[in-house]
């Protein structure tokens, strides 16, 4: 028993130390940094509630938050619809199912930096692949990333494309859990395909849908490399993301206190939004 | 009617698959096209050239970045497997003081969004004097809470009798872990290995913060800096540099796609 105690402490000790240094301390220090002004070179000074006051009136920060909601309003519904459609297709009797699955999942394994660079060439106004296709079928080219109205939707579509394979797998797992007997029963009742989807499949997949909403929302708040590479936050700051603003405050402007304040605010906003979504979905289900 | 619906299903799947695969094929082919041809939709280049690769290789240290990325991602993966399973073994099978607290802390840590700790971690690295070192890229990732919880969950299911008889034979706990538990845990170890490696391989925000020296940059970082700094110049060169990052992943993915999907979907990691 004593020996087990000792081995246990020895084997888990390094992890406990790691957690203290790289998780507990940073969380605590984030809350301290909120009240400091620090450029990493000179001695940090106490700033009281200055950072918080600044943040509440910072048009750029709230612009970035608003941009994120624009992103989410397109990304989340689109992600649910595309992932669900592909999962339902894959859930049938299919030849080469693992090929289709692997094809849909491919962008998930590719680095976000690569996807952003690739898509900035696809979206390019004059030589971009998408506009060439549009011109070929007789439409006029769209300045996807340089028009303030289309830039964020364009990024949202790209991120949906990149992640959809991941959510397809989640929905596929959920579909396996719908009992065969329920499917047979509803078919015997003479339900149409739409009725089966609406009254059996969709409600059965509610836990998966909640997961998709939560994860794609969190993912949306973490948007960084896409605007960093593709637009620099423009045009007219319409693709500026919160993490990009946080990064610039730390890296370009050396404002550690303010950057940390943005980080804490972002964590709070994520928590509130995810909580509100769950409440809303729960209420919608009760209807 | 039924026949027609099958055809529609396969047509839909084919269009979807093309949407996901074609951009990567186009990217690969664009890297072999001369600049004048770069924008064409064709997948087979008219004139094949290696100039894009030569230019990219000459303008920025991509060979060095490939070595850096491989070294960083491999070290992190090995550490997460070895240290992670030691921790998980202790948390699953050994009684020691503070075990419940450690369990609770691990779950709590997973609920805190990374953006909250990003800046304090960065200032910590600055104060440690680790800017522009491998330590900055590796040490914060030596342990992974997701990996530990997954391994712990798996280790909990291994019968106690195996441990008891090994102890009778006088085996030490680490030896029980590595000679008895590890061979039984190959599925979960491969899941952890893949998502850890992919996470480290694709990570870009953290290197952008802690590394400025070009020779220390990892591939996604150098790629980003190269593309933004205008070093790439043409579409072909920019995409050729991206290929260095993509090709190893795609090759591994072709052979291990089932493991990749299981691993990355299971861990919730999206590069």
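Residue numbers (the working numbering), protein chains in the order written: chain L, 825 to 1111; chain U, 2 to 272.
Yeah, the Cβ is synthetic: ideal placement off N, Cα and C, and Gly gets one too.
Please read all numbers here as calculations on a predicted model, not as lab measurements.
Do residue 245 of chain U and residue 67 of chain U have their beta-carbon atoms positioned less than 8 Å apart in this structure? Residue mapping note: residue 67 of chain U aligns to position 66 of the second chain, counting from 1. Residue mapping note: residue 245 of chain U aligns to position 244 of the second chain, counting from 1. A contact, by the Cβ cut-off of 8 Å.
Grab the span of the alpha helix (DSSP H) containing residue 52 of chain U for me, first residue to last. Within the second chain, the letter at position 51 stands for residue 52 of chain U. Where residue 52 of chain U is concerned, the enclosing alpha helix (DSSP H) stretches over 52 to 60.
Could you tell me the boundaries of the alpha helix (DSSP H) in which residue 222 of chain U lies? For the purposes of this step, residue 222 of chain U is identified with residue 221 of the second chain, where counting begins at 1. That run of the alpha helix (DSSP H) goes 220 to 229.
Contacts of residue 956 of chain L in chain U (Cβ-Cβ under 9 Å): Here residue 956 of chain L refers to the residue found at position 132 when the first chain is read from its first residue. 40, 41, 42, listed in chain order.
Residue burial classification, residue 903 of chain L (beta-carbon count within 10 angstroms, cutoff 16): Counting from 1 along the first chain, the entry for residue 903 of chain L is found at position 79. Buried.
Within the same chain, show all residues whose beta-carbon is closer than 6 Å to that of residue 967 of chain L, passing over the 5 residues directly before and after it, in chain order. Here residue 967 of chain L is taken as the residue at index 143 of the first chain, counted from 1. Close CB contacts of residue 967 of chain L within its chain, under the 6 Å cut and outside five residues either way in sequence, are with 949 (chain order).
If you draw a straight line from the C-alpha of residue 1095 of chain L to the C-alpha of residue 1044 of chain L, how long is it? Working through the first chain from its first residue, we reach residue 1095 of chain L at position 271. Working through the first chain from its first residue, we reach residue 1044 of chain L at position 220. Looking at the two C-alpha atoms, the distance is approximately 13 Å.
Pull out every residue of the stretch 156 to 175 of chain U whose Cβ sits closer than 8 Å to any Cβ of chain L, in chain order. Listed in sequence order: 173, 174, 175.
Does the stretch 157 to 174 of chain U come into contact with the stretch 65 to 82 of chain U, if we say contact requires no fewer than three beta-carbon pairs (one atom in each stretch) closer than 8 Å? With the cut-off at 8 Å, the stretch 157 to 174 of chain U and the stretch 65 to 82 of chain U do not touch.
Rounded straight-line distance, which links the Cα of residue 21 of chain U to that of residue 986 of chain L: Here residue 986 of chain L refers to the residue found at position 162 when the first chain is read from its first residue. Here residue 21 of chain U refers to the residue found at position 20 when the second chain is read from its first residue. Whole-angstrom Cα-Cα distance: 8 Å.
Could one say the Cβ of residue 221 of chain U lies closer than 8 Å to chain L's Cβ atoms, at least one of them? Against the second chain, residue 221 of chain U aligns to sequence position 220. Chain L has a Cβ within less than 8 Å of the Cβ of residue 221 of chain U.
For residue 952 of chain L, which residues in the same chain have their Cβ closer than 6 Å to its Cβ, ignoring the five residues on either side in sequence? Locating residue 952 of chain L in the first chain gives position 128, counting from the first residue. For residue 952 of chain L, same chain residues with a beta-carbon under 6 Å away, outside a window of 5 residues either side, are 946 in chain order.
Using a Cβ-Cβ cut-off of 6 Å (strictly less than) and excluding sequence neighbours within five positions of residue 49 of chain U, which residues of its own chain qualify? Position 48 of the second chain, counting from 1, holds the residue named residue 49 of chain U. Closer than 6 Å at Cβ, skipping near neighbours: 33.
Taking residue 1091 of chain L as the reference, give the member of U/113, U/257, U/258 with the closest Cα. Counting from one through the first chain, the residue named residue 1091 of chain L turns up at place 267. Comparing Cα positions, the closest option is U/113.
Candidates L/864, L/1083, L/1072, L/1069: which alpha carbon is nearest residue 128 of chain U's? In the second chain, the residue the question calls residue 128 of chain U occupies position 127. Measuring from the Cα of residue 128 of chain U, the nearest candidate turns out to be L/864.
In three-state DSSP terms, what is residue 10 of chain U? The residue labelled residue 10 of chain U in the question sits at position 9 within the second chain. In the structure shown, residue 10 of chain U sits in a helix (DSSP, three-state: H, G or I).
Closest to residue 980 of chain L by CA distance: which of L/924, L/1019, L/1048 is it? Position 156 of the first chain, counted from the start, is the residue given in the question as residue 980 of chain L. Taking only the C-alpha atoms, the option nearest residue 980 of chain L is L/1048.
Relative to chain U, which residues along the stretch 832 to 845 of chain L have a C-beta separation below 7 Å, given in chain order? The stretch 832 to 845 of chain L vs chain U, Cβ under 7 Å: 832, 833, 835, 836, 838, 839, 840, 842, 843.
Tell me which residues share the same chain as residue 976 of chain L and place their Cβ nearer than 7 Å to its Cβ, disregarding the 5 neighbours each side in the sequence. Position 152 of the first chain holds residue 976 of chain L. Counting only Cβ-Cβ distances below 7 Å, and skipping sequence neighbours, we find 891, 894, 895, 1062, 1063.
In terms of residue numbering, what span does the alpha helix (DSSP H) encompassing residue 171 of chain U cover? If you number the second chain from 1, residue 171 of chain U lands on position 170. No alpha helix (DSSP H) holds residue 171 of chain U; DSSP gives it neither H nor E.
Can at least three beta-carbon pairs, one atom from the stretch 107 to 124 of chain U and one from the stretch 49 to 60 of chain U, be found at a separation below 8 Å? These segments do not touch.
Could you tell me which chain C residues have their CB closer than 7 Å to the CB of residue 96 of chain U, listed as they occur along the chain? Structure shown: chain C not included; protein chains present are L and U.
Do residue 196 of chain U and residue 94 of chain U have their CB atoms nearer than 8 Å? In the second chain, residue 196 of chain U corresponds to position 195, counting from 1. In the second chain, residue 94 of chain U corresponds to position 93, counting from 1. Not in contact: residue 196 of chain U and residue 94 of chain U (Cβ atoms no closer than 8 Å).
Interface flag, residue 873 of chain L vs chain U, CB-CB below 8 Å: Your numbering for residue 873 of chain L matches position 49 in the first chain. Chain U, which has no Cβ nearer than 8 Å to the Cβ of residue 873 of chain L, makes this no.
Select from L/1100, L/1053, L/1105 the residue whose C-alpha is nearest the C-alpha of residue 942 of chain L. Translated into positions along the first chain, residue 942 of chain L becomes position 118. Taking only the C-alpha atoms, the option nearest residue 942 of chain L is L/1053.
Tell me which residues share the same chain as residue 885 of chain L and place their Cβ nearer than 8 Å to its Cβ, disregarding the 5 neighbours each side in the sequence. Within the first chain, residue 885 of chain L is the residue found at index 61, counting from 1. In chain order, 879, 1066, 1069, 1086, 1089 place their CB closer than 8 Å to the CB of residue 885 of chain L, counting only its own chain and leaving out the 5 sequence neighbours on each side.
Closer than 8 Å, CB to CB, is residue 249 of chain U near chain L or not? Along the second chain, read from residue 1 onward, the residue named residue 249 of chain U stands at position 248. For residue 249 of chain U, the answer is no, since every Cβ of chain L falls outside 8 Å of its Cβ.
Less than 7 Å between C-beta atoms, sequence neighbours within five positions excluded: which residues of the same chain meet that for residue 107 of chain U? On the second chain, position 106 is the one that residue 107 of chain U refers to. Exclusion of the five residues before and after residue 107 of chain U leaves 146, 149, 150 as the residues of its chain whose Cβ lies within less than 7 Å of its Cβ.
Neighbour-count burial assignment, residue 239 of chain U, 16 or more Cβ in a 10 Å radius: Stepping through the second chain from its first residue, residue 239 of chain U is reached at position 238. Buried, because 16 or more other Cβ atoms sit within 10 Å of the Cβ of residue 239 of chain U.
In angstroms with no decimal places, state the Cα-to-Cα distance between residue 90 of chain U and residue 178 of chain U. Your numbering for residue 90 of chain U matches position 89 in the second chain. Your numbering for residue 178 of chain U matches position 177 in the second chain. Those two C-alpha atoms are separated by around 7 Å.
To the nearest angstrom, how far is it from the Cα of residue 828 of chain L to the Cα of residue 202 of chain U? Position 4 of the first chain, counting from 1, holds the residue named residue 828 of chain L. Position 201 of the second chain, counting from 1, holds the residue named residue 202 of chain U. Straight-line Cα distance between these residues: approximately 37 Å.
Evaluate the contact criterion for the stretch 929 to 943 of chain L versus the stretch 216 to 230 of chain U: three or more CB pairs, one atom per stretch, below 8 Å. Contact between the stretch 929 to 943 of chain L and the stretch 216 to 230 of chain U is present: 3 or more CB-CB pairs across the two stretches fall below 8 Å.
Could you spell out the range, first to last residue, of the alpha helix (DSSP H) harbouring residue 87 of chain U? Your numbering for residue 87 of chain U matches position 86 in the second chain. Counted as a single uninterrupted DSSP element, the alpha helix (DSSP H) harbouring residue 87 of chain U occupies residues 63 to 94.
Any heavy atom of the ligand PLP closer than 7 Å to the CB of residue 248 of chain U? Because no ligand of any kind appears in the structure shown, any question about the ligand PLP cannot be addressed here.
For residue 127 of chain U, return the contacting residues in chain L, with the cut-off set at a CB-CB distance below 7 Å. As a working mapping, residue 127 of chain U is identified with position 126 in the second chain. Result: 864.
Using a Cβ cut-off of 8 Å, pull out every chain U residue sitting near residue 1000 of chain L, in sequence order please. Counting from 1 along the first chain, the entry for residue 1000 of chain L is found at position 176. Simply none; closest approach about 13 Å.
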